[in-house]
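The numbering of the sequence shown is this note's numbering, which starts it at -10 and goes up by one. Built from N, CA and C at the ideal position, the CB exists for glycine as well. This structure is a prediction, so every number in the text was calculated from the model and none was measured.
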Amino acid sequence: WDLDAAAAEAYRRFIADAGKDPLPDGRERCMILIRNPITGDVTPENLDVGPLGAGECAFNPGSFGWENVVGLIHSHPGSGPVPSSADRDNLAAWQGQVAFANGPQTGLRFYVVGAGEDSPGGPSRMQIRIYDQSNIAAGADNVKGPEVNPNGIPCHQS
(Lines of atoms letter the chains of each structure in order from A and count residues from 1; the text may use other names and numbers.)
(Lines give C-alpha, C1' and ligand atoms only; values in the text may rest on other atoms or scores of the structure.)
Protein backbone atom coordinates (compact mmCIF):
# COMPACT_ATOMS: atom_id res chain seq x y z
CA TRP A 1 0.00 0.00 0.00
CA ASP A 2 2.76 2.50 0.87
CA LEU A 3 4.23 2.13 -2.61
CA ASP A 4 0.93 2.99 -4.32
CA ALA A 5 0.36 5.84 -1.83
CA ALA A 6 3.84 7.20 -2.62
CA ALA A 7 2.89 7.15 -6.32
CA ALA A 8 -0.27 9.14 -5.47
CA GLU A 9 1.87 11.62 -3.51
CA ALA A 10 4.22 11.96 -6.50
CA TYR A 11 1.23 12.77 -8.70
CA ARG A 12 0.16 15.48 -6.23
CA ARG A 13 3.69 16.90 -6.51
CA PHE A 14 3.41 16.85 -10.30
CA ILE A 15 0.21 18.91 -9.99
CA ALA A 16 1.87 21.33 -7.55
CA ASP A 17 4.81 21.74 -9.93
CA ALA A 18 2.56 22.32 -12.95
CA GLY A 19 0.21 24.58 -11.02
CA LYS A 20 -2.86 22.86 -12.42
CA ASP A 21 -4.63 19.51 -12.76
CA PRO A 22 -4.79 17.91 -15.24
CA LEU A 23 -1.16 18.54 -16.14
CA PRO A 24 -1.57 21.26 -18.75
CA ASP A 25 1.83 22.17 -20.04
CA GLY A 26 2.94 19.28 -22.26
CA ARG A 27 5.93 18.41 -20.07
CA GLU A 28 6.64 14.93 -18.82
CA ARG A 29 7.32 14.71 -15.09
CA CYS A 30 8.93 11.84 -13.26
CA MET A 31 10.08 10.80 -9.80
CA ILE A 32 11.68 7.77 -8.22
CA LEU A 33 10.06 5.99 -5.28
CA ILE A 34 12.57 5.29 -2.52
CA ARG A 35 12.21 2.87 0.41
CA ASN A 36 13.99 4.09 3.54
CA PRO A 37 16.16 1.13 4.60
CA ILE A 38 15.70 1.95 8.31
CA THR A 39 12.01 2.84 8.60
CA GLY A 40 10.66 1.05 5.51
CA ASP A 41 8.72 4.18 4.53
CA VAL A 42 8.38 4.87 0.80
CA THR A 43 8.64 8.45 -0.48
CA PRO A 44 8.77 10.06 -3.93
CA GLU A 45 12.05 11.86 -4.59
CA ASN A 46 14.03 13.73 -7.25
CA LEU A 47 11.35 15.41 -9.40
CA ASP A 48 12.50 15.92 -12.97
CA VAL A 49 10.60 17.82 -15.66
CA GLY A 50 11.22 17.12 -19.33
CA PRO A 51 11.40 19.78 -22.03
CA LEU A 52 8.24 21.14 -23.64
CA GLY A 53 6.84 18.79 -26.26
CA ALA A 54 7.87 15.18 -26.63
CA GLY A 55 10.95 15.34 -24.41
CA GLU A 56 11.39 12.75 -21.70
CA CYS A 57 12.31 13.36 -18.09
CA ALA A 58 15.13 11.47 -16.38
CA PHE A 59 14.93 8.97 -13.53
CA ASN A 60 17.88 9.70 -11.28
CA PRO A 61 18.28 8.02 -7.89
CA GLY A 62 21.15 10.37 -7.04
CA SER A 63 22.51 9.83 -3.54
CA PHE A 64 19.73 7.34 -2.73
CA GLY A 65 21.26 4.74 -5.06
CA TRP A 66 19.41 2.11 -7.09
CA GLU A 67 19.45 -0.26 -4.11
CA ASN A 68 16.70 1.85 -2.47
CA VAL A 69 14.54 2.34 -5.58
CA VAL A 70 11.27 0.40 -5.42
CA GLY A 71 9.28 2.25 -8.06
CA LEU A 72 9.27 4.84 -10.83
CA ILE A 73 6.43 7.18 -11.80
CA HIS A 74 6.02 9.52 -14.72
CA SER A 75 3.33 11.40 -16.57
CA HIS A 76 2.21 11.16 -20.17
CA PRO A 77 0.95 14.64 -21.00
CA GLY A 78 -1.58 14.39 -23.78
CA SER A 79 -1.81 10.60 -23.84
CA GLY A 80 -3.16 7.68 -21.86
CA PRO A 81 -1.86 5.91 -18.76
CA VAL A 82 -0.22 3.04 -20.63
CA PRO A 83 3.51 2.50 -21.14
CA SER A 84 4.94 3.82 -24.37
CA SER A 85 7.26 1.76 -26.54
CA ALA A 86 10.22 3.59 -24.98
CA ASP A 87 8.84 2.87 -21.48
CA ARG A 88 8.59 -0.83 -22.26
CA ASP A 89 12.14 -0.90 -23.61
CA ASN A 90 13.54 1.12 -20.72
CA LEU A 91 11.83 -0.83 -17.95
CA ALA A 92 14.14 -3.78 -18.54
CA ALA A 93 17.18 -1.52 -18.12
CA TRP A 94 15.77 0.09 -14.97
CA GLN A 95 14.88 -3.34 -13.59
CA GLY A 96 18.44 -4.40 -14.35
CA GLN A 97 19.83 -1.49 -12.31
CA VAL A 98 17.68 -2.43 -9.33
CA ALA A 99 18.42 -6.16 -9.67
CA PHE A 100 22.16 -5.45 -9.92
CA ALA A 101 21.95 -3.57 -6.61
CA ASN A 102 19.53 -5.91 -4.80
CA GLY A 103 19.56 -9.31 -6.49
CA PRO A 104 17.69 -10.79 -9.46
CA GLN A 105 14.38 -11.39 -7.64
CA THR A 106 13.89 -7.70 -6.88
CA GLY A 107 10.63 -6.26 -8.22
CA LEU A 108 10.20 -2.76 -9.55
CA ARG A 109 6.85 -1.04 -10.00
CA PHE A 110 6.39 1.40 -12.83
CA TYR A 111 3.54 3.92 -12.62
CA VAL A 112 2.16 5.89 -15.56
CA VAL A 113 -0.07 8.96 -15.15
CA GLY A 114 -2.24 9.90 -18.10
CA ALA A 115 -5.75 10.69 -19.24
CA GLY A 116 -8.00 7.65 -19.45
CA GLU A 117 -11.66 6.75 -19.78
CA ASP A 118 -13.54 4.66 -17.23
CA SER A 119 -15.60 3.22 -20.07
CA PRO A 120 -15.34 3.48 -23.87
CA GLY A 121 -16.57 6.88 -24.95
CA GLY A 122 -16.90 8.03 -21.33
CA PRO A 123 -15.37 11.16 -19.86
CA SER A 124 -11.60 11.27 -19.58
CA ARG A 125 -9.83 11.84 -16.27
CA MET A 126 -6.27 11.57 -15.02
CA GLN A 127 -5.37 8.07 -13.83
CA ILE A 128 -2.35 6.43 -12.23
CA ARG A 129 -1.78 2.89 -13.52
CA ILE A 130 0.64 0.22 -12.25
CA TYR A 131 2.97 -1.90 -14.38
CA ASP A 132 5.76 -4.35 -13.69
CA GLN A 133 7.48 -7.15 -15.58
CA SER A 134 4.27 -9.22 -15.54
CA ASN A 135 2.08 -6.71 -17.43
CA ILE A 136 4.34 -4.11 -19.08
CA ALA A 137 4.01 -5.76 -22.52
CA ALA A 138 0.22 -5.33 -22.41
CA GLY A 139 0.73 -1.60 -22.92
CA ALA A 140 1.55 -2.34 -26.56
CA ASP A 141 -2.10 -3.38 -26.94
CA ASN A 142 -3.34 -0.38 -24.93
CA VAL A 143 -4.26 -2.66 -22.00
CA LYS A 144 -4.17 -0.67 -18.78
CA GLY A 145 -2.66 -1.94 -15.55
CA PRO A 146 -4.47 -1.71 -12.19
CA GLU A 147 -5.46 1.79 -11.10
CA VAL A 148 -4.07 3.56 -8.02
CA ASN A 149 -6.35 5.64 -5.80
CA PRO A 150 -5.05 9.20 -6.43
CA ASN A 151 -6.12 10.19 -2.90
CA GLY A 152 -4.08 7.44 -1.23
CA ILE A 153 -1.84 8.29 1.70
CA PRO A 154 0.90 6.11 3.19
CA CYS A 155 -0.16 3.91 6.10
CA HIS A 156 2.30 5.58 8.48
CA GLN A 157 0.61 8.99 8.05
CA SER A 158 -2.60 10.03 9.76
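Positions of the alpha helix (DSSP H) runs, each at least 4 residues long and wholly inside the stretch 62 to 93, are given as 74 to 91 in order along the chain. DSSP places I119 in the uninterrupted beta strand (DSSP E) bounded by S113 to Y120. For E34, the enclosing beta strand (DSSP E) has its first and last residue at V31 to V38. Exposure of D130 is indicated by the presence of fewer than 16 other C-beta atoms within 10 angstroms of its C-beta. Shown here, R18 sits in a strand according to DSSP, grouped into three states. In the DSSP assignment, A104 falls outside any alpha helix (DSSP H) and lies within the beta strand (DSSP E) extending over R98 to E106. About 16 Å separates the beta carbon of Y0 from that of V71, a gap too long to meet the 8 Å contact definition. With 16 or more other Cβ atoms from the protein chains shown falling within 10 Å of its own Cβ, S64 counts as buried. Each residue's CA atom was taken as its position, placing P66 and Q122 some 23 Å apart. By the 16-neighbour rule on beta-carbons within 10 angstroms, E(-2) is buried. Straight-line measurement puts the Cα of G15 at about 37 Å from the Cα of G92.
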